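Written below as structure tokens is the structure these notes are about.
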Amino acid sequence: MSTPKTLTGDDSIKTWLEHPVGGPIIRDLLAQSGQDPDVLRPVQRLAIKRLVKLSKGQFSQEMVDQLVARAAAGEVPVGAADAPAAAPEPTTESADAGDTVPVVERPEWVERLDQGRFAGKTVIVTGAGSGIGRATASRVAREGGRVIAVDVSQERLDDFASEHDGAEILTLVADITDDAKVAEIVAAAGDRIDGLANIAGIMDDMTPIGELTDAVWKRVFSVNVDGTMKLMRAVVPVMLARGTGSIVNTASEAALRGSAAGVAYTASKHAVVGLTKSTAFMYGPSGLRVNAVAPGATITNIEATFASPLGAQRVRQAMAILPDAAEAEALAASITFLLSDDGVNINGVVLASDGGWSAA
Ligand SMILES: NC(=O)c1ccc[n+]([C@@H]2O[C@H](COP(=O)([O-])OP(=O)(O)OC[C@H]3O[C@@H](n4cnc5c(N)ncnc54)[C@H](O)[C@@H]3O)[C@@H](O)[C@H]2O)c1
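Sequential numbering from 26 applies to the sequence shown in this note's numbering.
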């Protein structure tokens, strides 16, 4: 019988869970906080050390170090009899029970900066306090751009700015549904706006039309559609004056299919596609590029509630074909590509950045 692999912080969560020693240790840790190993399914391909950043301190680097030490010492927790007795040796090829083809452990994706890609450029990023907006604002700033970072949360913006010492970041607390605040954002940017990343957005409560309330419809449309439209409307004249500019709106898988959310969110993200295509068509000849990104499941702070049993049942059923969730930085890579001059020949597209979900 071969000796099981020595686990490290660079091994994936899947590898840990399948390991004859690592698996019981992780399951025991989860059980102590009342959690099921299924909570890790969407992130199973990530290196276990990535949990430190993703959990925002709840899972610390010391905890990773302790896990590695416990696994090395072969410390299988008492009573961990439910661990798979003959877990496959997790070398490079291991298959879980449901897989029909062997799954090869993938190398981890690492964000690589394109130094100076945004040098001399001013980019407005909404939703910059969290998730995809924060990752995008961060990438633009680290690639030399001047960022106008917009969010409703002062605390989140302060935290973002404090992580980017030396970068050119102007934070602005603003609700994108408020016309006066939108005017403030554009004034703060000045007469050169190279890019607008419209990322702020909210989810709905998964209700189908028969159970939809006016309040949910209005709230979701006001942020996702009105807010997106207001910022576009405000920056377009500034961009036209210089004959150049790139706008990236945030759609969703829910802009491509009916099975990813409730009716309000789904309709709102379809509307974002309409805003994108119309504007791309109208102003393409004047030098503007307007595109949308359609993220699949992404690990962020967005809140989705399930107010409808029918909605919950139908959406969860459809989620069976969902690929693994992505990190916000992976979405920032797609968004900054469209924002930057690398997207020079791309106008009016809806770029699915979803690990292939839309191909299913
Ligand atoms: N996370 C996903 O799985 C996913 C999937 C598809 C699409 N999206 C879209 O990506 C975008 C970003 O979402 P996220 O997942 O990063 O969410 P998030 O909640 O982590 O971040 C959104 C940020 O937007 C801010 N915000 C909300 N309303 C605002 C307003 N009216 N004015 C200004 N700021 C406001 C919030 O304070 C928050 O900091 C949204 O448009 C969302 O619909 C997310």
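The beta carbon of each residue, even a glycine, is placed where N, CA and C say it ideally should be.
Note that the structure is predicted; figures quoted are calculated from it, not measured.
Problem - Identity of the residues DSSP links to P320 by a beta bridge - result: Looking at the DSSP output, P320 sits in a beta bridge with S378.
Handout entry: Alpha-carbon spacing of A377 relative to V103, whole angstroms
Key = In this structure, the straight-line span from the alpha carbon of A377 to that of V103 is close to 46 Å.
Problem - N- and C-terminal bounds of the beta strand (DSSP E) containing I194 - result: 194-198
Practice task
Could you tell me whether the stretch 252-269 touches the stretch 195-211, where touching means 3 or more Cβ pairs closer than 8 Å?
Solution key: yes
Practice task
May I have the straight-line CA-CA distance separating S271 from V198, to the nearest angstrom?
Solution key: 23 Å
Problem - Where the beta strand (DSSP E) containing S271 begins and where it ends - result: 270-275
Practice task
Pull up the distance between the alpha-carbon of G152 and that of V318, whole angstroms please.
Solution key: 15 Å
Exercise for the section: Please indicate yes or no: does the CB of R52 lie closer than 7 Å to some heavy atom of ligand 1? Expected result: Because no heavy atom of ligand 1 lies under 7 Å away, the Cβ of R52 does not count as near it: no.
Practice task
Measure the CB-CB distance between A289 and G156 and report whether it falls below 8 Å.
Solution key: no
Problem - Beta-carbon proximity check, R164 vs R217, cutoff 8 Å - result: Taking 8 Å as the Cβ cut-off, R164 and R217 do not qualify as a contacting pair.
Handout entry: Rounded straight-line distance, which links the Cα of V369 to that of D219
Key = 13 Å
Practice task
Decide if M344 is buried, meaning its Cβ has at least 16 other Cβ atoms within 10 Å, or exposed.
Solution key: The residue in question, M344, is exposed, as its Cβ has fewer than 16 Cβ neighbours within 10 Å.
Practice task
Identify every residue that forms a DSSP beta bridge with I173.
Solution key: I149, L195
Handout entry: Reference V221; option with closest CA among A144, V150, P67
Key = This sequence places Leu at residue 221; Val is not what is there. When each option's Cα is compared against that of L221, the closest is V150.
Handout entry: For A350, three-class secondary structure by DSSP
Key = Coil at A350, not helix or strand.
Problem - Between the CA atoms of V248 and N223 - distance to the nearest angstrom - result: In a straight line, the C-alpha of N223 is about 11 Å away from that of V248.
Problem - N249 in three-state terms, based on DSSP - result: helix
Practice task
Kindly examine ligand 1 and report whether one of its heavy atoms sits closer than 7 Å to the Cβ of E278.
Solution key: yes
Exercise for the section: Report the residue ranges of all beta strand (DSSP E) runs contained in full by the stretch 283-329; include only those spanning at least 3 residues, in chain order. Expected result: 313-320
Exercise for the section: Using only alpha-carbon positions, find the residue among I371, K30, A276, M88 that is nearest to L54. Expected result: M88
Exercise for the section: Assign D379 to one of two classes, buried (16 or more other C-beta atoms within 10 Å of its C-beta) or exposed (fewer than that). Expected result: buried
Exercise for the section: Scan the stretch 43-82 and note each continuous beta strand (DSSP E) run of 3 residues or more that stays entirely inside, going in chain order. Expected result: Note on the stretch 43-82: there is no whole beta strand (DSSP E) run with a minimum of 3 residues.
Practice task
Using 7 Å as the cut-off, classify the Cβ of A353 as near or not near the heavy atoms of ligand 1, replying yes or no.
Solution key: yes
Practice task
Please determine, among D61, I360, A296, S333, the residue with the shortest C-alpha to C-alpha distance to F143.
Solution key: I360
Handout entry: Nearest-angstrom Cα separation, counted from Q91 out to A112
Key = Annotation note: pLDDT 39 at A112 (below 50); position unreliable, no value reported.
Problem - Per DSSP, cross-strand counterpart(s) of L32 - result: Within the DSSP bridge table, the entry for L32 names no partner.
Handout entry: Inter-residue Cα distance where the pair is G283 and A162
Key = 30 Å
Exercise for the section: Just tell me which of D349, S293, G287 has its CA closest to the CA of A332. Expected result: G287
Problem - Identity of the residue in D36, L356, K30, N326 nearest I227 by Cα - result: N326
Handout entry: Separation of G215 from P310, as counted between CA atoms
Key = 24 Å
Exercise for the section: Please name the residue in T202, V172, D203 whose C-alpha comes closest to that of D190. Expected result: V172
Exercise for the section: Quick one: measure Cβ to Cβ for G47 and A96, integer angstroms, because I've assumed they're closer than 8 Å. Expected result: Contact between G47 and A96 holds: their C-beta atoms lie close to 5 Å from each other, under 8 Å.
Handout entry: Assigned secondary structure, S365 (DSSP; H/G/I helix, E/B strand, else coil)
Key = coil
Problem - When S178, V129, E136 are compared against A355, the one with the closest alpha-carbon - result: Comparing Cα-Cα distances from A355 to each of S178, V129, E136, the minimum goes to E136.
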